[in-house]
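Participant: The structure that follows is given in the form of structure tokens.
Residue numbers (my numbering): 1 to 292.
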């Protein structure tokens, strides 16, 4: 019964934060479009006008609005997943389609929270292990925002990236404080960051930003700080590229994708990170060298 309550609580919390993540994605997009316009860059005029109504709304205080008719959502319009299903994915007022991003984020974060707790590879008996789980879940919220934003607009916003980096710094500090060999731990963290961020930074410089955007470099920095162990970072990198190959190669062979087609790498890297963080220790212990 206690486990059921914990899982239910985590699922509800995940859905609520998934709803918050969806609203944050749109507010970040509105501010990005305004910033691009102020910098003299070409922007989608129709999209900017549609999102302009939410540009000054607080991420935490203001309730969400319909992006089509500005209808301010009531509490019963914002029940994660349930409201979307009840309204058949449309606005209660203007009946325009809401889209699938919001319910997918709500379901995705709920699943992430529950699965993370169920298979958490570190001890939850210690305070350090519990803090690391909390930081992991917090990072997951930022990563959900980055995942959705990059998938939709091929861009990783600084605000979400810096949030993940900040959580990563705290995570690394917890590991260092509780380490029996501080020097080795710091070196491990350094290698982890080099693998997930340094490699992309080198590719970014070599290609002058054509192959890898600088947002991916910052994302890799935060993920490296979260994973801590260089072997997990290497596994995350391999998983991201493997998943990318599985997705891209069939498209190239069937002619649906071209070599010049831009593929958002952020979602792939985030997926590899989650797999490595939750299951990497088991994989390495079984097939390579066990984690210390």
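Think of the CB as a built atom: it goes at the ideal place given N, C-alpha and C, for glycine as much as any other residue.
(1) Considering only their Cβ atoms, is the gap separating residue 189 from residue 225 smaller than 8 Å?
(2) Can you give me the Cβ contacts of residue 154 inside the same chain, cut-off strictly under 7 Å, excluding the 5 residues immediately before and after it?
(3) Helix, strand or coil, according to DSSP, for residue 96 in the structure here?
(4) Opposite residue 65 in the DSSP bridges: which residues?
(5) Within this structure, are the beta carbons of residue 136 and residue 277 separated by less than 8 Å?
(6) Nearest to residue 161 by alpha carbon, out of 134, 30, 93 and 218?
(7) Helix, strand or coil: how does DSSP classify residue 90 here?
(8) Tell me which same chain residues have a C-beta within less than 7 Å of the C-beta of residue 172, skipping the five on either side of it?
(9) If you draw a straight line from the C-alpha of residue 158 to the C-alpha of residue 165, how long is it?
(10) Closer than 8 Å is the cut-off here; do at least three beta carbon pairs connect the segment 75-86 with the segment 97-105?
(11) For residue 234, which residues from the same chain have a beta carbon less than 8 Å from its beta carbon, with the 5 sequence-adjacent residues on both sides left out?
(12) In whole angstroms, what separates the C-alpha of residue 236 from that of residue 242?
(13) Closer than 7 Å by C-beta to residue 91: which residues in its own chain qualify, once you throw out the five before and the five after it? Chain order, please.
(14) At 4 residues or longer, what runs of the alpha helix (DSSP H) sit wholly inside the segment 124-192?
(15) Quick check on the DSSP output: the alpha helix (DSSP H) that includes residue 218 runs from which residue to which?
(16) Looking at C-beta atoms only, is the number of pairs between the segment 127-135 and the segment 35-46 that lie closer than 8 Å three or more?
(17) Just how far apart, CA to CA, sit residue 199 and residue 5?
(18) The alpha helix (DSSP H) spanning residue 49 covers which residue range?
(19) Along the alpha helix (DSSP H) that carries residue 121, what are the first and last residues, could you check?
(20) Given residue 150, which residues of its chain have a CB within under 7 Å of its CB, disregarding the five upstream and five downstream residues?
(21) According to DSSP, is residue 238 helix, strand or coil?
(22) Any idea what DSSP makes of residue 257, helix, strand or coil?
(23) So the candidates are 139, 51, 13 and 205; which of them puts its Cα closest to the Cα of residue 114?
(24) Please state if the CB of residue 80 and the CB of residue 18 are separated by a distance shorter than 8 Å.
(25) Going by DSSP in three states, residue 55 sits in which element: helix, strand or coil?
(26) Where does the unbroken alpha helix (DSSP H) through residue 279 begin, and where does it stop?
(27) Can you tell which of 53, 118 and 211 has its C-alpha closest to the C-alpha of residue 3?
(28) Taking only the alpha-carbon atoms, compute the straight-line gap between residue 56 and residue 111 and give it to the nearest angstrom.
(29) Span of the alpha helix (DSSP H) holding residue 25?
(30) What are the start and end residues of the alpha helix (DSSP H) that includes residue 204?
Facilitator: The short version:
(1) Locating residue 225 in the chain shown gives position 225, counting from the first residue. Locating residue 189 in the chain shown gives position 189, counting from the first residue. Contact flag set, yes.
(2) Residue 154 sits at position 154 when you count from the first residue of the chain shown. The answer, listed in chain order, is 262 and 264.
(3) Residue 96 sits at position 96 when you count from the first residue of the chain shown. Looking at residue 96 - three-state DSSP - the assignment turns out to be coil, as it is neither helix nor strand.
(4) If you number the chain shown from 1, residue 65 lands on position 65. According to DSSP, residue pairing for residue 65 in a beta bridge involves 72.
(5) In the chain shown, the residue the question calls residue 136 occupies position 136. In the chain shown, the residue the question calls residue 277 occupies position 277. Using a Cβ distance threshold of 8 Å, residue 136 and residue 277 count as a contacting pair.
(6) Along the chain shown, one-based indexing puts residue 161 at 161. Looking from the CA of residue 161, the closest CA among 134, 30, 93 and 218 belongs to 218.
(7) Locating residue 90 in the chain shown gives position 90, counting from the first residue. Assignment of residue 90 by DSSP, reduced to helix, strand and coil, places it in the strand class.
(8) Position 172 of the chain shown, counted from the first residue, corresponds to residue 172. So the qualifying residues of the chain are 189, 225 and 228.
(9) Stepping through the chain shown from its first residue, residue 158 is reached at position 158. Stepping through the chain shown from its first residue, residue 165 is reached at position 165. If you draw a straight line from the Cα of residue 158 to the Cα of residue 165, it is about 10 Å long.
(10) Contact between the segment 75-86 and the segment 97-105 is present, because at least three Cβ pairs lie under 8 Å.
(11) Taking the first residue of the chain shown as 1, we reach residue 234 at position 234. The residues are 195.
(12) Within the chain shown, the letter at position 236 stands for residue 236. Within the chain shown, the letter at position 242 stands for residue 242. Between the alpha carbons of residue 236 and residue 242 lies a gap of roughly 10 Å.
(13) Indexing the chain shown from 1 puts residue 91 at position 91. For residue 91, where only same-chain residues beyond five positions count, the Cβ hits under 7 Å are 66, 68, 69, 71 and 98.
(14) Taking only runs of at least 4 residues, the alpha helix (DSSP H) segments lying wholly in the segment 124-192 are 127-153 and 158-177.
(15) For the purposes of this step, residue 218 is taken as the residue at position 218 of the chain shown. Going by DSSP, residue 218 is part of the alpha helix (DSSP H) stretching over 214-227.
(16) Proximity of the segment 127-135 to the segment 35-46 falls short of the contact definition, fewer than three beta-carbon pairs being nearer than 8 Å.
(17) Counted from its first residue, the chain shown places residue 199 at position 199. Counted from its first residue, the chain shown places residue 5 at position 5. Going from the Cα of residue 199 to the Cα of residue 5 covers about 43 Å.
(18) The sequence position of residue 49 within the chain shown is 49, counting from 1. For residue 49, the uninterrupted alpha helix (DSSP H) segment begins and ends at 45-51.
(19) Working through the chain shown from its first residue, we reach residue 121 at position 121. Annotation: residue 121 is outside any alpha helix (DSSP H) and is labelled neither H nor E by DSSP.
(20) Here residue 150 refers to the residue found at position 150 when the chain shown is read from its first residue. In chain order, 156, 264, 266 and 267 place their CB closer than 7 Å to the CB of residue 150, counting only its own chain and leaving out the 5 sequence neighbours on each side.
(21) Translated into positions along the chain shown, residue 238 becomes position 238. Residue 238: helix per DSSP, three-state reduction.
(22) Numbered from its first residue, the chain shown carries residue 257 at position 257. Assignment of residue 257 by DSSP, reduced to helix, strand and coil, places it in the coil class.
(23) On the chain shown, position 114 is the one that residue 114 refers to. Among 139, 51, 13 and 205, the Cα nearest to that of residue 114 belongs to 13.
(24) Along the chain shown, one-based indexing puts residue 18 at 18. Along the chain shown, one-based indexing puts residue 80 at 80. Yes, the pair counts as a contact, with Cβ atoms nearer than the cut-off.
(25) Taking the first residue of the chain shown as 1, we reach residue 55 at position 55. Coil, per DSSP.
(26) The count along the chain shown starts at 1 and reaches residue 279 at position 279. Following the DSSP letters along the chain, one finds residue 279 inside the alpha helix (DSSP H) bounded by residues 266-287.
(27) On the chain shown, position 3 is the one that residue 3 refers to. Ranking the options by Cα distance to residue 3, first place goes to 118.
(28) For the purposes of this step, residue 56 is taken as the residue at position 56 of the chain shown. For the purposes of this step, residue 111 is taken as the residue at position 111 of the chain shown. Distance between the alpha carbons of residue 56 and residue 111 is about 31 Å.
(29) Reading the chain shown from its first residue, position 25 is the one you call residue 25. From DSSP, the alpha helix (DSSP H) with residue 25 extends over 2-38.
(30) In the chain shown, residue 204 corresponds to position 204, counting from 1. Its alpha helix (DSSP H) spans residues 199-207.
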